Amino acid sequence: MRFAVLHGNALSATIEPVRTTILIVDDHPSFRASARAILEADGFTVVGEAENGADAIDAAAEKRPDVVLLDVQLPDMSGFAVCSAIAARLNGSAPQIVLVSSRDACDFGPLVEASGARGFIAKAELSGAEVTALLR
Amino acid sequence: MRSLRFALAGAAALVEGVVALALIFTNDRNDNPWLTAAVAVTAGLSFVAAGLVALWRRPENTTGFLLSATGYLWFLGALGESNSPWVWTVGFVAGNLAFLAFAALILAYPGGTLGRRDRWLVAVAGLAAIGANTVSALVDDTPVTGCPRCPRSAIAVTDRPGVKDAVVVVATVVIVGVLLAVFAILADRWRRASVAQRRTLRPVFISCGIALSLLLAAVLTDRIDSRAYSAVWVLFLLAFAAVPLTFLAGVLRSRLDRAAASRMLLSLDAGVPLRDALAQALHDPSLEIVYRLDSRDRWVNAEGHRVDEPVASAHRSTTTIERNGRPIAVLVHDPALDAEPELVEFIAAGAGLSLENVRLQADLRSQFLMLETVADTAPSLLVVVDTDGRILNQNRATLEASGLEHEEQIRGRPFWEVFIDPGERQAMIKQFRDAAPDYAPAPYENAFTNARGERLVIEWRSAPITDASGHVTSIVAGGIDITERKQRELQLQRERDITETLMQAIPSLVVVVDSDGVIVDSGVDDTRAGVNNAFRQALGWPDSVVVRRSVLDFIDPADGYPALMAIASAANGVPAQERESHWLCADGSRLVVAWTATPVEDVTGRATSLVLLSGVDVTERKRQEEEIRASRARIVAAADEARRVLERNLHDGAQQRLVALSVSLRLAEAKLEADPDEARKILFAAREELAAALDELRELARGIHPAVLTDRGLQAAVEAAVTRFPLPVELELPDDRLPARVEAAAYYVISEALANIAKYAQASAVHVSVKEHDDQVTVSIADDGIGGADPQGGTGLRGLSDRVAALDGALLVESPEGEGTLVLAVLPALRPAAPAATVTP
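Here the protein sequences come in this chain order: A and B.
Note that the working numbering gives residue 57 to position 57 of the first sequence, counting from 1, and the numbers run on in steps of one.
Note that the working numbering gives residue 1359 to position 359 of the second sequence, counting from 1, and the numbers run on in steps of one.
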């Protein structure tokens, strides 16, 4: 099932995948590798990877990606908490955040909507087109 | 004045007599004036004299009046002696008035009053006598037949002797009738008179009877023969003259009966009973004497029996006898004696001393009768024995207790023969002899079998009776039959023993408290508390601490108020519901006691102020309940945890791999056209990813519940588990399958123990055994590791403990430091019961 958050911060500019930088945050190396391969194949520029929440916040501040692909379930903190922390840390210039999980979005109830993230994509359905569609 | 009146009345009579004499002696036709003067004047005077005496003595009795009236009127008849026609005529007409007064006198005697019938008779006689003479004098010049020299009637208006004769005949018939009626009345009165009344009536009735008979004869002969009439008339006059004397005697008789008093005194001296002597003297056989007891304001007869206070009635009169101003007796007698009060008083005065004596005797008899009644009606036994122990007297209760029927069967026999069992007689005789000569008062209780075979228990008390010189003459013993009391005491004791045994034997804690909650003593020993052995053993307090202490001192103060309310409720008769409180033990520990407070009832079913607290020590039960509750919570928590772990493992393992696989396939699909080689590489990696995912799922499923355990049993499952175990494991497993729940529990105990050994034990060898015997399965896992395992430390062992407990089994962990660890689980075999043997024909 597909779930997309249709409102959020206005991003009126046309999304150009080639120019879009992305940070991948997930504790599973196999998923990070698959995600990098499929996103790069679809024209995204992967600027970095992080395997836990704390590294993700630092990397977001350091790499200043356009988009953070953020796993909901991290070993040290939840993706929602990371989402809030990044927004707080990069006040005004925070990246668009797309939450991913191997679970279904409905497993998290209203948390996704309340997190301030741009949207949610199930891991099994991850593709550059899905990310682009969310950011559009 | 009274004397003057009587003197004038007497003088008037004398004047009448003188006038009569003058008329008699101046009468020129009287052949025998002396005889007439002697008899007729005597008769008149005797009536007047007797009448006046009677009036003097008894002014209230009309007899005296009628006597004197007869006398005064009698002299009117003397006018008939006159030679003057007018005087003669008055005498002829009014001469019979005296007979009317005479008739009234007779009919009114002795009461002095005329009844209605009597008055009619007198009126008819008067009409006949006066009326006939008046008519005769009116219709005939010579109204008196056979008296040619008599003066002529002064009032004759015609001379018709025939009419006169007819009138005289009618009058004669009427007068004869009246005389016969008077006879009949007198005969009837005599018949109905009492002895005492006849004594009064006798002289009067005799004299009157004679006089009336002669009068009747005179009336009758007057018509036949004048000579005979004269003779009869003289006789009548003689008898008539004597009549007043008999009346007078009747009225005044008591004055004359001093002889009777003398005879009475002589009779008393001769020993005649007082009542008989008085009855004789008063001529009243019906006489009764009732004595008054001063001290008790009661009336008794001579025998001392109580009687009602005597009250006068129409048939019985009473005369109170006083002595020193106090009534001592009442004579109940014939009303006839009321006419002779002097006689009664005279006789009573003569008998005064005797009356007093008899009264005192009656008083004594009355008291004796009362004592005798008291003794006989008393429920207590009373017996008097002489100094030889022989029974002299006894009351009814004693006779009843002896079982004998007649007092002759008791009297004179030794006391112990009747009231002491043979086996104890010698001891009793010795005791009796030893008590001589004082026979001091002594209590004694004995049980014996009486003549009816009844078993009695008597409590005796004896006391000596002494004579004037102080010697004991007899001994009186009073006894109470306490047989029933003894039986009740025995019954009560038995019930008390049963209750005590019950109380001490039951496992419940029992405490008896008063309404304030203070523990009472045992009722027998005031140092022993009213608690039972279960209480003593459970709480450990000595009786000396418990007795007379509030039971609230032994209950947790937090439970004190509801406990006090429960006791107060029961003290008011309302049993309290069961409640649980913490009771304090002597060693400082606490017991949870479920207890109730019940009102203690007495034998009548009424609540006493005592309250029975009975409780059960539920501490162990509570602990077990708590343990079960905790175990259930742990089982639920363990299950939740297992599911959480499972979900995590699925998520982190196979799911991630499948997600990656999905992404890889999507990538391969995208590369298939443009870069087939790259796509092939991706597909190859995806196949390896898929294999790994399958392995993880398989491992996971095995962890949830190994399929081999379900399919091939405990032996195969344990052997499979051991193949993945890094240490050598020696197995000792049953070949037969066990019930699934038992196999699962045993498998998890072994798995968990092996996992712990692998993690912590640092062991070199493990021995696993599963044995079934006596419906129990024993699972043991022993290693040679470092020991020191804490059964409460990890969740793994506690979870196993719960799993085992759920099957009513037990888990034991022995893990001394440095000596390895033994995990031992004992489980019920849970084999279904063997079917009952069937009998085939």
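Think of the CB as a built atom: it goes at the ideal place given N, C-alpha and C, for glycine as much as any other residue.
In this text the structure is predicted, and so the values were computed from the model without any measurement.
Relative to the C-alpha of B/Cys1150, which residue among B/Asp1188, B/Arg1643, B/Val1087, B/Glu1641 is closest? B/Val1087
Quickly, what does DSSP pair B/Glu1534 with across the bridge? List them, please. Contrary to the premise, residue 1534 of chain B reads as Ala rather than Glu in this sequence. B/Ala1534 pairs with nothing; no bridge assigned.
Spatial neighbours of A/Ala60 in its chain, beta-carbon cut-off 7 Å, leaving aside the 5 residues before and after: Leu23, Val68, Ile86, Leu90, Pro95
Output needed for B/Ser1589: all residues of its chain with C-beta closer than 7 Å, excluding positions within five of it in sequence on either side, in chain order. none
Does any CB atom of chain A fall closer than 8 Å to the CB of B/Arg1644? no
Any chain B beta carbon closer than 8 Å to A/Ile38: yes
Quick one: is B/Arg1666 near chain A, going by C-beta distance under 8 Å? yes
Can you find a CB in chain A that lies within less than 8 Å of the CB of B/Ala1836? Annotation note: pLDDT 49 at B/Ala1836 (below 50); position unreliable, coordinate value reported separately. Not an interface residue.
Unbroken beta strand (DSSP E) run spanning B/Phe1448, endpoints: 1442-1449
In the DSSP assignment, find the beta strand (DSSP E) that holds B/Ser1544 and state where it starts and stops. Per DSSP, B/Ser1544 belongs to no beta strand (DSSP E); it is in the alpha helix (DSSP H), 1543-1546.
Inter-residue spacing [alpha-carbon to alpha-carbon] between B/Val1600 and B/Ala1571: 8 Å
Would you call B/Ala1436 buried or exposed, if buried means 16 or more other Cβ atoms sit within 10 Å of its Cβ? exposed
Span separating the alpha-carbon of B/Gly1573 from that of B/Leu1539: 28 Å
Can you list, in chain order, the residues of its chain whose CB lies under 6 Å from that of B/Pro1464, leaving out five sequence neighbours each side? Tyr1439, Val1472, Ile1475
Secondary structure at A/Ala50, three-state DSSP: helix, strand or coil? strand
State the Cα-Cα distance for the pair B/Glu1620 and B/Leu1492, rounded to the nearest angstrom. 38 Å
Nearest to B/Asp1284 by alpha carbon, out of B/Leu1237, B/Gly1325, B/Ala1196? B/Ala1196
Under 7 Å from the C-beta of B/Ile1670: neighbouring residues of chain A: The sequence shown places Ala at residue 1670 of chain B, not Ile. By Cβ distance, chain A contributes Ala41.
Taking the alpha carbon of B/Asn1030 as the reference point, which residue from B/Phe1684, B/Glu1081, B/Val1272 has its own alpha carbon closest? B/Glu1081
So, does the CB of A/Ala124 fall closer than 8 Å to a CB anywhere in chain B? yes
Please list the terminal residues of the continuous beta strand (DSSP E) segment that includes B/Arg1292. 1288-1293
B/Arg1227 in three-state terms, based on DSSP: helix
Short CB-CB distance (under 8 Å) between A/Phe31 and chain B: yes
Exposed unless 16 or more other CB atoms sit within 10 angstroms - verdict on B/Tyr1561: exposed
If you reduce the DSSP assignment to three classes, tell me which class A/Ala165 lands in. Any question about residue 165 of chain A goes unanswered here, given that chain A covers just 1 to 136.
Using a Cβ distance threshold of 8 Å, determine whether the stretch 1023-1039 of chain B contacts the stretch 1053-1060 of chain B, with at least three qualifying pairs required. no
Taking 8 Å as the threshold (beta carbon to beta carbon), is A/Ser34 in contact with chain B? yes
Shorter than 8 Å from the beta carbon of A/Ser102 to some beta carbon of chain B? yes
Within chain A, partners of B/Ala1693 - CB distance below 9 Å: Those within 9 Å of B/Ala1693 in chain A number zero; the least Cβ separation is about 11 Å.
DSSP on B/Pro1841, reduced to helix/strand/coil? Confidence at B/Pro1841 is low in this model, with a pLDDT of 42, below 50, so the placement of that residue should be treated as unreliable; the coordinate-derived value is given next. Looking at B/Pro1841 - three-state DSSP - the assignment turns out to be coil, as it is neither helix nor strand.
Interface flag, B/Ala1679 vs chain A, CB-CB below 8 Å: no
Shorter than 8 Å from the beta carbon of A/Ser78 to some beta carbon of chain B? no
Which of the three DSSP states, helix, strand or coil, is assigned to B/Ala1576? coil
Distance between A/Gly119 and A/His7 (C-alpha atoms, nearest Å): Residue placement at A/His7 cannot be trusted, given a pLDDT of 34 that sits under 50; the coordinates are not used to answer.
Should B/Ala1129 and B/Ile1175 be called a contact, given that it needs their Cβ atoms to be closer than 8 Å? yes
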